[in-house]
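Asks: Just so we're aligned: the sequence shown equals residues 0 to 137 in numbering that gives the first Met the number 0.
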Amino acid sequence: MKYKFLLLVLMTFTLLGCKKEAKLPVVSTGQAQLSSSGNAMLCEGYCQSDGGSDVIDRGICFIEGNSTPTVSNHRISGGSGIGAFSCELGGLTEGATYTYCAYATNSVGVGYGQPATFTFNPTGGGTGGGGGSGGSGG
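1) Going by CA-CA distance only, name the one from G58, S36, S35 that's closest to I81.
2) Measuring straight from C-alpha to C-alpha, what distance separates I62 and E87?
3) DSSP puts S85 in a beta bridge; with which residues?
4) Counting Cβ pairs, one atom from each stretch, are 3 or more of them under 8 Å apart for the stretch 36-55 and the stretch 94-114?
5) In or out: G29 buried (at least 16 other Cβ within 10 Å) or exposed?
6) Counting only the same chain and skipping the five closest in sequence on each side, list residues whose C-beta sits under 8 Å from that of G136.
7) May I have the straight-line CA-CA distance separating T122 from S66, to the nearest angstrom?
8) Look at the alpha carbon of D56 and the alpha carbon of G78, and state the distance between them as a whole number of angstroms.
9) Would you kindly check if the distance between the Cβ of V54 and the Cβ of C60 is under 9 Å?
10) For V26, write down the residues that DSSP places opposite it in a beta bridge.
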């Protein structure tokens, strides 16, 4: 009986000690296209993994020019959790080039997808491309 109790205690500590440490979410930046209204860009993203901790916010961050955007710049939230999402970026300047990327936030920090660019051209459609997988934080 004494050995069964010790075995149970050891198994409990072993199981509790095996908890994995959470990491940043893994995010992919998708395509950008002119929205149906014609006065904004619709940017896509995909949160592939929560890193072991719930994703509390996800979306698209962007900045005018070719700098790498962060959530400290402009950002539009696309909800929470893992999966696909899209965000409409409005208030853009015609003819301006923007860099955007998908992001996701969990208890560890912010994971980013690869940055991509588009030039906002509401009369001829926006030109843009998709990024790729990311996971670097900031």
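C-beta: ideal position from N, C-alpha, C; glycine also.
Being a predicted model, the structure only gives us computed values, none of them experimental.
Replies: So, from the data block:
1) Counted from its first residue, the sequence shown places residue 81 at position 82. Per the Cα distances, G58.
2) Taking the first residue of the sequence shown as 1, we reach residue 62 at position 63. Taking the first residue of the sequence shown as 1, we reach residue 87 at position 88. Looking at the two C-alpha atoms, the distance is approximately 14 Å.
3) Taking the first residue of the sequence shown as position 1, residue 85 is located at position 86. Paired residues: E43.
4) yes
5) Your numbering for residue 29 matches position 30 in the sequence shown. Answer is buried; the Cβ neighbour count reaches 16.
6) Against the sequence shown, residue 136 aligns to sequence position 137. Confidence in G136 is poor, its pLDDT being 49 and thus under 50, which makes the residue's placement too unreliable to answer from.
7) Indexing the sequence shown from 1 puts residue 122 at position 123. Indexing the sequence shown from 1 puts residue 66 at position 67. Cα-Cα distance, rounded: 25 Å.
8) As a working mapping, residue 56 is identified with position 57 in the sequence shown. As a working mapping, residue 78 is identified with position 79 in the sequence shown. Spanning the two alpha carbons is a distance of roughly 6 Å.
9) For the purposes of this step, residue 60 is identified with residue 61 of the sequence shown, where counting begins at 1. For the purposes of this step, residue 54 is identified with residue 55 of the sequence shown, where counting begins at 1. It is not a contact, given that the beta carbons lie outside the stated cut-off.
10) As a working note, residue 26 is residue 27 in the sequence shown. According to DSSP, V26 bridges with C46.
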